[in-house]
Structures are given as C-alpha cells and as structure tokens.
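Participant: Protein chains in written order, with the numbering used here: chain A, 1 to 298; chain B, 299 to 592. Yeah, the Cβ is synthetic: ideal placement off N, Cα and C, and Gly gets one too. This is the structure I want to talk about, given as structure tokens.
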C-alpha cells in the first residue's frame, strides 16, 4: 500500500511505455488522418508537376456529393447490396449453425467445408467467381440448368449483377456460422430439456429459448456485417469494375476512382465522409435499438 | 409408439445428413472447380456441360503461369512473404505490449484509451484511406529508395502501421486472454525480483501461446489478403504482392482461364495448408472474437 503510493509515477510510466505503440499509432495513423480528411473535404485538389495542390472551396465538395448522379448511384448500389446481403447472410449462417449443432456424423468435416470459402484469398475468389457467373462456361448456369432454369447473363446484366454479388457473399458466411455455433454450444441443455418436459415443441424451444439467448451474437454479427457490406470493394473492382452501366459501382469503388484515378482527393474525402457518417450512424442507431431486443444475461 | 418416434427421429436425421452433404458439396463447388480447371487444357475449359475431371493433369499450366514473361510471379511471392512476415511480427510485438499495459498496469487514461481502442474496431477504414496516402507521400515513403544504401523499398506504408497495434482486435484478444491469467503469478515473480519486461516475456507469454497462435493465423490471412492498400501504394510492377499479381494476371489472360485458375490455386495453397494444420486456432479465434461483442 505505502509502497505503491510512494512511487505511482513509475507504474504510470511503465503503463504509458507499454501502451505507446497504440497511443502513437492512434495519433499518427487514425486521429491525424481523420482530421486531415476533414480539411481535405473542403479543398479542391489537383495533381501537377510539384505534387498535390489544394484550394479552399467551402462546401462545394459536399454539394457535389448530394447532386452528382454517379455518387447517388453508388450509394444506392451500396444500400441495395447491404439491405439484401446482410439479413440473408445472418439467416443463412444461423440455419447452418443450427444444422451443424445437431448430432450429425462427420460434423467437423461439414463445418470445415462451410468455413473453407473464408480461407480462399479474396482476390482468388473474385477471379474464380467472375467465371462461376460466366453466361456460357460458368458453373452457376450449368448448375441451375439441372433445375430447368434458363441461362442468365449475371455480371453482364445490370439487373442481375447486384444480386450476383449478394449471392456470392452468401458463400462467405463461415465466420458468422462459427460464431453462432460457439453460441449455440453455450446454451444450457438443461434449459431446453426442462422446456421439453413442460410440453414445449421444437418451434417454441427455438423461438422462446434459443433465439433470445443468441441475440447478443446476432447483434454482434449484424453490426460487423453492416460495416463490412457498406465497404465492399475488392470483388467489385475485379469482377465488374463497377459495370454494367454502373450497376455495381459501390461507394468505396467510387471513392477509390475519384481519389486515385481522377485525383479529386478533396471530393473523394467528402464522399468518404458521407459513407463514414452513414456507417457510424447505423452502428450507433443499432446500439440504441439493441436495448429493445438484445437479451443480456446477468 | 416409442419405436415409431425413434424411427421418425432416425429418418429426419438421415434426411438432414443427406441435405447437409449436398449443401456442403454445393459450397465446395467453386473451389473444386477452380482446382480441377487449373489442370485442364484450354479446350477442356470451354466444354459444355462442364467437365469436372480433366483427361490428364496438365501440370504445365502451373509452369506456364510462372514462366510467362509479362508478370514476375516469383517477385510477387518474395514481396508477399516479406510484407506478411514484417507486418505479422509488428502486430504480435505491439499487440502483446499494449495488451499487457491494458490488462496489468495501472495508469491514468487507461480506461479511456481502452474505450477508444474498442471504438476503432467499428471505425470504417475508408475515411483514413486518402489522408494516409497523402501523409505517406509527405513522409517520402511512396516509391521510396532508401538513401545512402540505395535500396528500393516502397513497402513502408504497408509494414509500418502494424507495428503500432494497427488492428485493435488483436490487442483485444490478447487482453481478454491475459485477464484470465491469475495475478498471483505476476506477484510471485515480482517478489523474486523480476521486472515488468521479464514478467511479460517469461511468465505471461509462455501461457499465452494459444492466443498468440490465433493472432498469428488471423494476421497472416489478413496481410496475405490485403488488396486495397497495396493497390494504392505499390505502383512499380516488381514491387507488387501476390494479390495484385493475380488481379493483373486475370486482366491479361482473359482467354487463358486455365492459367488464371492455376495462379489462383498457387495463392490458395499456403492458406489452405495453414487452415488444415491450424484449424483449431481459426475456430477458437472466431469464437473468442464473437464473445467480444457481448
């Protein structure tokens, strides 16, 4: 007691010293860039021989964010993708997890099989899926033809390109699935048995016991999935480069183009702020709404 | 009555078993197709309906993918190994230090910084993309040739941030794990005259092996997969990493699907091996991360 009171500064110093990588990293690689992004969003940038030149333009970049049809299209595409992909991913991964917690044979093999797509490098999977969707030689049309579905143009059809991306994202739900499997394993068996004895059927047990106990993990997966979906980039750049007719031009791809292909870094920063505010807004809103539906055990 | 119920149960399990098998095969289809097609001849690729097993294994596709003159695949592999190794090393060293500070040391502002770290987990990374690029440009790190020794080293923007606990998730995993180790161990070591660095490296770290393995596996996948940052920072062809190389390979071999597939399989093999060897660390890590959300 007296000992630690006498020299607290040595403890403090050690604390700061060990935490210094994070504190420095936070200041240099997070805080400063965010501040800089704010400043940049009010500049018009040009690339000339000396490097990047900037000129203050007030709110012009933000006005453009709200009037530029390309930016609006990109935001619409991103929202479309998120609205459909996220709920489908959650439902699908939850059902998979329910299935894979039943006493099946070869359960570990199934789990590994459903998880495997996560392991495939993002670039490799984009390259492969570009061909999976190929109208003539891709396996998707081949597969669907077994069920009598006529061949589709997928990534070449502006109405099917976004659904194709959503479909592809359902292939990569291993992470959510494993989280749900871990959660389902933690539900006390005694609770489910007691409900059974009291006459609850399978549906009641799922909706009244399993689902409420799983809400923290559903919430976690939801938050993470929304943040990730809003920032979809690599598959879009590789598989379609935004086409056809900008139908897969997602927000981050648009920001990348404006910033690094057209060197409108000021405008790109304003676009990034728009997306940033939307994603943060969604996240905060979810934390508020979660108080109504997420069940935390004391 | 009870036999009837048992039969029904058996039947439904069999149905579920069959369904699960079909579903997992469907999930594996793209990957299996990629591997099988990487051994096909260029005519076999474009056969309808799809040919799942090639007539003979054309290993030549792999040789061709590596020896085509347009893209230096060996350079991409060398660069990838270097970038991933240095980034991973930095991630582990810095995460361990910071987690130790958060889990074991008392200092003013600790709770605040811990809260900020959790908040950064949910920070959309897109906001810092452009300013970071400009910042690294101002540092002179883009297309850097190190003066005096005259070595071209354009990878600093990729490999330096991981040394500053760039991914809060790993610090958090480490922190959670360290909190589970009893304080008495530290106290006993302190009595024996160990300083903090010794406590961390000799007492805590050996106990942290499982979580270190998890972080290593996750970090490896993360840095190996990284696409956007290399895309904006690495402009010269011979400085590219594999992720950029495969994309360019895809663009330049529009007709040669078999080569694109074999190049993709080359990129898949290391992580596939890692997955098979270290599967439990993947699952463990995800489960731990999942509970982080509570």
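Check residue 43 of chain A in the structure and name its three-state DSSP category.
Facilitator: Stepping through the first chain from its first residue, residue 43 of chain A is reached at position 43. It is a strand residue.
Participant: Contact criterion: CB-CB distance below 8 Å. Does residue 499 of chain B meet it with respect to chain A?
Facilitator: Numbered from 1 along the second chain, position 201 holds the residue referred to as residue 499 of chain B. No, because no Cβ of chain A sits closer than 8 Å to the Cβ of residue 499 of chain B.
Participant: Show which residues of chain A have a CB atom less than 7 Å away from the CB atom of residue 494 of chain B.
Facilitator: Walking along the second chain from the start, residue 494 of chain B turns up at place 196. Those within 7 Å of residue 494 of chain B in chain A are 14.
Participant: At 7 Å on the CB atoms, spell out the chain B contacts of residue 295 of chain A, in chain order.
Facilitator: Working through the first chain from its first residue, we reach residue 295 of chain A at position 295. Result: empty, since nearest Cβ-Cβ is about 11 Å, beyond 7 Å.
Participant: Could you name the residues of the same chain whose beta carbon sits closer than 7 Å to that of residue 390 of chain B, not counting the 5 residues immediately before and after it, in chain order?
Facilitator: What you label residue 390 of chain B is simply residue 92 of the second chain in a count that begins at 1. Same-chain partners within the cutoff: 510, 513 and 514.
Participant: Considering only the alpha carbon of each residue, which of A:144, A:223 and A:260 lies closest to residue 431 of chain B?
Facilitator: Here residue 431 of chain B is taken as the residue at index 133 of the second chain, counted from 1. Among A:144, A:223 and A:260, the Cα nearest to that of residue 431 of chain B is on A:260.
Participant: Is it buried or exposed, residue 316 of chain B, if we count other Cβ atoms within 10 angstroms and call 16 or more buried?
Facilitator: As a working mapping, residue 316 of chain B is identified with position 18 in the second chain. The residue is exposed, with fewer than 16 neighbouring Cβ atoms inside 10 Å.
Participant: For residue 56 of chain A, which beta-bridge partners are listed by DSSP?
Facilitator: Walking along the first chain from the start, residue 56 of chain A turns up at place 56. For residue 56 of chain A, which the question treats as bridged, DSSP gives the partners A:43.
Participant: Whose C-alpha, out of B:477, B:500, B:478 and B:476, is nearest the C-alpha of residue 487 of chain B?
Facilitator: To locate residue 487 of chain B, count along the second chain from 1; it is residue 189. It is B:500 whose Cα lies nearest to the Cα of residue 487 of chain B.
Participant: Using the C-alpha atoms, what's the distance from residue 219 of chain A back to residue 296 of chain A?
Facilitator: Start at 1 with the first residue of the first chain, and residue 296 of chain A comes out as number 296. Start at 1 with the first residue of the first chain, and residue 219 of chain A comes out as number 219. Cα to Cα, residue 296 of chain A sits roughly 11 Å from residue 219 of chain A.
Participant: Taking 7 Å as the limit between beta carbons, can you name the residues of its chain near residue 97 of chain A, skipping five residues before and five after?
Facilitator: Residue 97 of chain A sits at position 97 when you count from the first residue of the first chain. 177, 180, 181 and 184.
Participant: Between B:548, B:449 and B:564, which lies nearest to residue 131 of chain A when the distance is taken from Cα to Cα?
Facilitator: Start at 1 with the first residue of the first chain, and residue 131 of chain A comes out as number 131. Closest by alpha carbon: B:548.
Participant: According to the Cβ coordinates, are residue 166 of chain A and residue 84 of chain A closer than 8 Å?
Facilitator: On the first chain, residue 166 of chain A is found 166 positions in, with the first residue counted as 1. On the first chain, residue 84 of chain A is found 84 positions in, with the first residue counted as 1. Yes, the Cβ-Cβ distance between residue 166 of chain A and residue 84 of chain A is below 8 Å.
Participant: Threshold first: 4 residues or longer. Then list the alpha helix (DSSP H) segments lying entirely within the segment 130 to 183 of chain A, N to C.
Facilitator: If we require 4 residues or more, the alpha helix (DSSP H) runs fully inside the segment 130 to 183 of chain A come out as 139 to 145 and 161 to 169.
Participant: For residue 352 of chain B, which option in B:338, B:328 and B:449 has the closest C-alpha, if you only look at C-alpha atoms?
Facilitator: If you number the second chain from 1, residue 352 of chain B lands on position 54. The residue with the shortest Cα to Cα distance from residue 352 of chain B is B:338.
Participant: Under DSSP, the alpha helix (DSSP H) around residue 20 of chain A begins and ends at which residues?
Facilitator: Within the first chain, numbered from 1, the residue matching residue 20 of chain A stands at position 20. Residues 8 to 25.
Participant: Please check the pair residue 173 of chain A and residue 102 of chain A, which I expect to be a contact at CB under 8 Å, by giving their CB distance rounded to whole angstroms.
Facilitator: In the first chain, residue 173 of chain A corresponds to position 173, counting from 1. In the first chain, residue 102 of chain A corresponds to position 102, counting from 1. Incorrect: roughly 18 Å between the Cβ atoms, too far for contact.
Participant: Going by DSSP in three states, residue 266 of chain A sits in which element: helix, strand or coil?
Facilitator: Position 266 of the first chain holds residue 266 of chain A. In this structure, residue 266 of chain A counts as helix in the three-state DSSP scheme.
Participant: So that I know if they touch, is there some Cβ in chain A lying closer than 8 Å to that of residue 398 of chain B?
Facilitator: For this step, residue 398 of chain B is matched to residue 100 along the second chain. Yes, residue 398 of chain B lies at the interface with chain A (some Cβ there is under 8 Å from its Cβ).
Participant: For the pair the segment 277 to 294 of chain A and the segment 59 to 72 of chain A, tell me if three or more CB-CB distances fall below 8 Å.
Facilitator: These segments do not touch.
Participant: Work out the CA separation of residue 205 of chain A and residue 263 of chain A for me, nearest whole Å.
Facilitator: Residue 263 of chain A sits at position 263 when you count from the first residue of the first chain. Residue 205 of chain A sits at position 205 when you count from the first residue of the first chain. Approximately 57 Å, taken between the alpha carbons.
Participant: Counting Cβ pairs, one atom from each stretch, are 3 or more of them under 8 Å apart for the segment 559 to 574 of chain B and the segment 321 to 338 of chain B?
Facilitator: Yes, the segment 559 to 574 of chain B is in contact with the segment 321 to 338 of chain B.
Participant: Can you name the residues of chain A whose CB is closer than 7 Å to the CB of residue 314 of chain B?
Facilitator: The residue given as residue 314 of chain B occupies position 16 in the second chain. Within chain A, the residues near residue 314 of chain B are 99, 102 and 104.
Participant: Run through DSSP, which three-state label would residue 305 of chain B get?
Facilitator: For this step, residue 305 of chain B is matched to residue 7 along the second chain. Note: residue 305 of chain B maps to helix in three-state DSSP.
Participant: Residues of the segment 462 to 487 of chain B with a CB closer than 7 Å to any CB of chain A: list them in chain order, please.
Facilitator: If the cut-off is 7 Å between Cβ atoms, the segment 462 to 487 of chain B has 462, 463, 464 and 469 near chain A.
Participant: Any residues in the segment 265 to 276 of chain A with a beta carbon nearer than 8 Å to a beta carbon of chain B? Which ones, in chain order?
Facilitator: Result list: 265, 268, 269, 272, 273, 275 and 276.
Participant: The ligand HEM and residue 251 of chain A: does the residue's C-beta get closer than 7 Å to at least one heavy atom of that ligand?
Facilitator: Absence of the ligand HEM from the depicted structure is noted, as is the absence of any ligand whatsoever, leaving it without description.
Participant: Count Cβ pairs between the segment 406 to 420 of chain B and the segment 250 to 258 of chain A that sit closer than 8 Å; are there 3 or more?
Facilitator: No, the segment 406 to 420 of chain B is not in contact with the segment 250 to 258 of chain A.
Participant: Taking the C-alpha atoms as reference points, what is the distance between residue 355 of chain B and residue 344 of chain B?
Facilitator: Residue mapping note: residue 355 of chain B aligns to position 57 of the second chain, counting from 1. Residue mapping note: residue 344 of chain B aligns to position 46 of the second chain, counting from 1. Computed Cα separation, rounded: 16 Å.
Participant: Quick check on the burial criterion: 16 or more other C-beta atoms within 10 angstroms. Buried or exposed for residue 115 of chain A?
Facilitator: Residue 115 of chain A sits at position 115 when you count from the first residue of the first chain. That one is buried.
Participant: Using DSSP's beta-bridge definition, name the partner residues of residue 497 of chain B.
Facilitator: Sequence index remark: in the second chain, residue 497 of chain B carries index 199 (1-based). According to DSSP, residue 497 of chain B bridges with nothing at all.
Participant: Which residue marks the beginning of the alpha helix (DSSP H) containing residue 296 of chain A, and which one marks its end?
Facilitator: Mapped onto the first chain, residue 296 of chain A falls at position 296. Neither: residue 296 of chain A is in no alpha helix (DSSP H) and is coded neither H nor E.
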